[in-house]
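Residue numbers (our numbering): 7 to 259. We put the CB at the ideal spot given by N, CA and C, even for glycine.
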Amino acid sequence: MDAVHLIFFALAAFSAGAIDAIAGGGGLIQLPALLVGLPNEPVANVLGTNKLSSVFGTSSAAVTYARGRRLDFKLALPMTLFAAGGSALGALLATSIPNNVFKPVILAFLVLVAIYTFKRPEFGVNESLKFSRKRALTFGCGIGLLIGLYDGAIGPGTGSFLVFALVGFLGYEFLRASAIAKVVNVGTNVAAILVFGIHGSIIVWLGLTMAVFNIAGALVGARVAIKGGSRLVRRIFLVVLLILMVRLAWDIF
């Protein structure tokens, strides 16, 4: 692989790590970059390589949020287990159910989420938990399972869906929701890596090389989010939703 391609992948990995650490959606940058840069590789190899790179950046962001005391471990850890299980199941379902069936529904949902978030400037800025700890754990695990299924079967925007569910349904602020989403994403990525690894569908050297830059971007993104607070995360979340809507609309139409 020539230097131009390596620089291209490095920049994509850094940018994806930064955006993903703040509001989710890093896969909207890194995955298309890999698809463009590796046109002759099987799609499974591209997906596996993307996951290998991403898991390192996501883990780094999660550690940074934990050090900043932004993580709710009592919710994040059980939610992660259910999300990982859902991701594995979703990967199995993906072989029999074409994701084009779901894309129009997902696009419509994204439009509603974007409108809802945009019209409520204070939405997710301050934390106002809606349930007791026990009920929050129950609902959180259910959310993890469903979004994990989505991640395994389709994928794009998983982090953003997690953030919105944690803010809109459970009442977390955007910053803490993003922190929890990073931990859950680690679980879904690890589950996917195991599946891809078993089938030999990972370009290991490229994934690990990109992981270095993904980590760097994630560390920068998480620190920027902590410094900027929930208002900054909310703004970037809306931008990520817009990009995701354009991407899905392009696929559909």
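Are the beta-carbon atoms belonging to residue i and residue j less than 8 Å from one another?
{"i": "L35", "j": "A27", "result": "The sequence given here places Ile at residue 35; Leu does not occur at that position. Result no, Cβ atoms of I35 and A27 do not sit closer than 8 Å."}
{"i": "G227", "j": "A67", "result": "yes"}
{"i": "L181", "j": "S236", "result": "yes"}
{"i": "L135", "j": "G91", "result": "no"}
{"i": "L113", "j": "A255", "result": "yes"}
{"i": "F20", "j": "G223", "result": "yes"}
{"i": "K57", "j": "I249", "result": "no"}
{"i": "V61", "j": "V246", "result": "no"}
{"i": "F145", "j": "F137", "result": "yes"}
{"i": "A50", "j": "S207", "result": "yes"}
{"i": "V192", "j": "S65", "result": "yes"}
{"i": "R229", "j": "T123", "result": "no"}
Our contact map puts residue i next to residue j with C-beta atoms below 8 Å; I'd like the distance itself, whole angstroms only.
{"i": "T55", "j": "I221", "result": "T55 to I221, Cβ: 16 Å. No contact."}
{"i": "G63", "j": "G165", "result": "11 Å between Cβ atoms; not a contact."}
{"i": "G154", "j": "G96", "result": "7 Å"}
{"i": "M216", "j": "S59", "result": "4 Å"}
{"i": "V190", "j": "A94", "result": "With 8 Å as the limit, V190 and A94 do not qualify as a contact, their Cβ atoms being about 14 Å apart."}
From this set, the options, which residue's C-alpha is nearest residue i's C-alpha?
{"i": "I133", "options": "K125, C147, G174", "result": "Going by the sequence as given, residue 133 is Glu instead of Ile. The option with the nearest alpha carbon to E133 is G174."}
{"i": "V131", "options": "E179, L168, L116, F115", "result": "E179"}
{"i": "A72", "options": "L247, V49, L225", "result": "L225"}
{"i": "F15", "options": "W211, R253, V111", "result": "W211"}
{"i": "I149", "options": "V49, V245, I258, T86", "result": "T86"}
{"i": "G163", "options": "C147, S65, A120", "result": "A120"}
{"i": "K233", "options": "R75, P127, F167", "result": "R75"}
{"i": "D78", "options": "V111, E47, R139, L116", "result": "R139"}
{"i": "L37", "options": "P48, R141, V52", "result": "V52"}
{"i": "P48", "options": "I25, H11, H205, R253", "result": "H205"}
Are the region 224–243 and the region 39–49 touching by the rule of at least three beta carbon pairs closer than 8 Å? Because the criterion of three Cβ pairs below 8 Å is not met, the region 224–243 and the region 39–49 do not touch.
State whether the region 77–90 contacts the region 174–186, with contact taken as three or more CB pairs (one from each stretch) at a distance under 8 Å. Counting Cβ pairs under 8 Å, three or more are found: they touch.
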